[in-house]
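Residues in the sequence shown are numbered from 287 upward in steps of one, following the numbering used here.
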Amino acid sequence: MFRNKRIINHNIFFLFHILFLAFFYRQGVLAQQSPPFIGQEKMQSIASVIDHFITSFSKEKTPPSCVVAVVGPQDIYFLKAYGIRKLGEPERLTQKTLFQLGSVSKPLVATLVGILQAQGKLSIRNPVSDYLKDFKLQGQKQPLLIQHLLSHTSGVPRKGFNSMVESFTERSKIFEKAQHTPLDAQPGQHFDYHNVMFALIEDVLVTTLNQPLEKLLEDNLFKPLKMPLASVGFQPLKESSNHAFPHVRNQKEKIVTRKKYSEAYYAIAPAGGINASMEDLIPFLQAHLGGFPNLLSSDTLNLLHTPQIEEDHPPGWLTEEAKHLGNTGYALGWRWMDYAGQRVLFHGGWVGGFHNMIAFLPEHKVGIIILHNAETRLPLKTALKFFDLYFERL
Numbered sequence: 287m288f289r290n291k292r293i294i295n296h297n298i299f300f301l302f303h304i305l306f307l308a309f310f311y312r313q314g315v316l317a318q319q320s321p322p323f324i325g326q327e328k329m330q331s332i333a334s335v336i337d338h339f340i341t342s343f344s345k346e347k348t349p350p351s352c353v354v355a356v357v358g359p360q361d362i363y364f365l366k367a368y369g370i371r372k373l374g375e376p377e378r379l380t381q382k383t384l385f386q387l388g389s390v391s392k393p394l395v396a397t398l399v400g401i402l403q404a405q406g407k408l409s410i411r412n413p414v415s416d417y418l419k420d421f422k423l424q425g426q427k428q429p430l431l432i433q434h435l436l437s438h439t440s441g442v443p444r445k446g447f448n449s450m451v452e453s454f455t456e457r458s459k460i461f462e463k464a465q466h467t468p469l470d471a472q473p474g475q476h477f478d479y480h481n482v483m484f485a486l487i488e489d490v491l492v493t494t495l496n497q498p499l500e501k502l503l504e505d506n507l508f509k510p511l512k513m514p515l516a517s518v519g520f521q522p523l524k525e526s527s528n529h530a531f532p533h534v535r536n537q538k539e540k541i542v543t544r545k546k547y548s549e550a551y552y553a554i555a556p557a558g559g560i561n562a563s564m565e566d567l568i569p570f571l572q573a574h575l576g577g578f579p580n581l582l583s584s585d586t587l588n589l590l591h592t593p594q595i596e597e598d599h600p601p602g603w604l605t606e607e608a609k610h611l612g613n614t615g616y617a618l619g620w621r622w623m624d625y626a627g628q629r630v631l632f633h634g635g636w637v638g639g640f641h642n643m644i645a646f647l648p649e650h651k652v653g654i655i656i657l658h659n660a661e662t663r664l665p666l667k668t669a670l671k672f673f674d675l676y677f678e679r680l
């Protein structure tokens, strides 16, 4: 009897011990893989510095300005709109103001592809020729895979293609030229940032799923994440009652309103033809921080975030601003860089009169978005400032 009581007491103690460990593991006390989040107080101190940084920049450079957000998977740590939609007019920028995203379109479309792969509708490791039967590159000896389109490793040199887009060359003729341009390298072997080859993903999707890109984005990304203002094409931007206007520098280096919007890249929408507001991009970034696992699972995030290629040389615009820069390269729809010893995923978006940035720390689950209706380096400078401040507080 006494022996049985000892056994029962021992079992109760053992069970309590397991529950105790499980509780504190869930709380992160014993979980070594928990992100080293710096806490609300330090995040607020960072937000205060960022606020002052942007205000000072705006006073000095006098651009129309920007909308900025700092977010975690479930939280918004900082959200503020600065300045006006158009120089000389009183309407203010807000979190609902629509911007041309430029190349920030790329991570949105790559994310769509990741979602469709999770649904079993395609695979990034399949050859493009499985979907586009007649598409073949000159001198191609290795298969051109979907992942090569999304990582700028098709092997097609980019020289001359942006000029064709900007001169409104017929889309079919642009892709015909791509097929007859001698390769710099076999697919998957060399990075060369290529708007046109990235945009070929639209043809793959439309042919495979028999739906336009805007419908696929709406049903699989915009609606699930509640991105109500996000759109594809120039017409939705033009018809919006709350859209930002583009601003550029004139010959005297003064910032002025651009005479008209740049419409050329809407023809290759995956590369630069999406519009969105801050209200749309906050949940998009939160999804990449793990905040919407039912839509973007950890497997899908790993697929999108894993580096595909390392650049031979970082781009000049980045080396000029990033004081702690290490290696750089491209994942699927995202650039990556090692900055101050930490992995950063990011993408900028420039299109006549707009400059935007979305950047985050996947291990720390925190990121920043800057939408800017002028051609200055404010978005890049602000993102790097944020990371410097964050790393100082670890």
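Backbone N, C-alpha and C fix where the C-beta goes; we use that ideal spot for every residue, glycine too.
- With respect to the 8 Å criterion, phenylalanine 672 and isoleucine 644 are not classified as neighbours on the basis of their beta carbons.
- Rounded to the nearest whole angstrom, the CA to CA distance from valine 442 to valine 414 is 14 Å.
- Residue environment: phenylalanine 454 is assigned as exposed (fewer than 16 neighbouring CB atoms within 10 Å of its CB, all protein chains considered).
- Boundaries of the beta strand (DSSP E) harbouring leucine 611: 611 to 616, taken from the DSSP string.
- Using a Cβ distance threshold of 8 Å, phenylalanine 531 and lysine 328 do not count as a contacting pair.
- In summary, histidine 480 is buried, with 16 or more beta-carbon neighbours lying within 10 Å of its beta-carbon over all protein chains present.
- Within the stretch 352 to 390, the beta strand (DSSP E) runs of at least 3 residues that lie entirely inside it are, in chain order, 352 to 357 and 362 to 367.
- Distances from the CA of tyrosine 368 to each of Pro510, Leu379 and Gly400 were compared; the closest alpha carbon is that of Leu379.
- Within the model, the alpha-carbon separation for proline 376 versus tryptophan 636 is close to 25 Å.
- In this structure, His658 is the residue among Leu670, Gly612, Asp598 and His658 with its C-alpha nearest to the C-alpha of threonine 348.
- Around the beta carbon of glutamate 597, 16 or more other beta carbons sit within 10 angstroms, so the residue counts as buried.
- Between glutamate 649 and proline 556, the gap from beta carbon to beta carbon reaches 8 Å or more.
- Contact check for methionine 564 against alanine 333 fails: the beta carbons are separated by 8 Å or more.
- For isoleucine 560, the enclosing beta strand (DSSP E) starts and ends at 560 to 562.
- In its chain, beyond the 5 residues on either side, Glu607 and Ala608 have a beta carbon closer than 7 Å to the beta carbon of leucine 670.
- Bounds of the alpha helix (DSSP H) holding histidine 434 are 432 to 436.
- According to the DSSP secondary-structure assignment, glutamate 596 is paired through a beta bridge with Gly615.
- In chain order, Ser409, Ile410, Thr586 and Leu589 place their CB closer than 8 Å to the CB of glutamine 403, counting only its own chain and leaving out the 5 sequence neighbours on each side.
- Arginine 679 has its alpha-carbon roughly 14 Å from the corresponding atom of valine 652.
- Under a 10 Å Cβ-count criterion, glutamate 661 is classified as buried, with 16 or more other Cβ atoms of the shown protein chains found around its own Cβ.
- For isoleucine 362, same chain residues with a beta-carbon under 8 Å away, outside a window of 5 residues either side, are Ala355, Val356 and Ile568 in chain order.
- Of the candidates Pro522, Leu515, Ser440 and Lys366, Ser440 places its Cα closest to the Cα of aspartate 470.
- In the structure shown, phenylalanine 646 falls within a strand segment according to DSSP collapsed to helix, strand and coil.
- Contact between threonine 494 and tyrosine 417 holds: CB atoms are separated by about 5 Å, below the 8 Å threshold.
- Only buried fits glutamine 386, as 16 or more other CB atoms lie within 10 angstroms of its CB.
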